[in-house]
Amino acid sequence: MASLPVLILALMIPILDYIFPQWLARFMAELLVGLAHFSVGYIFTYAAFLIASTSGKYGQSFNVCIHDKL
């Protein structure tokens, strides 16, 4: 079930699109660009961590640290 803010936004989008068509288009474009930027940054950060944690001294110490706590 959708939360209340999502429902309010879903009801407001057609109204805002009618009143401010350019504003809504810009808002949605900025939202999509921000989401894409966050996703790419998250993926690159996770990939760098994954590479670092499976190779070299950092990976060995990381695995020892995890196994010691288990």
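Count the sequence shown with the UniProt record's numbering and you get residues 1 to 70, in order.
Just so it is clear, CB atoms sit at the ideal spot from N, CA and C, and this is done for glycine as well.
Collapsing the DSSP output to three states places Phe27 in a helix.
The C-beta distance from Leu24 to Leu11 rounds to 14 Å, too long to meet the 8 Å contact threshold. If you draw a straight line from the Cα of Gln22 to the Cα of Met28, it is about 10 Å long. When rounded, the separation of the alpha-carbon atoms in Val6 and Ala36 is 20 Å.
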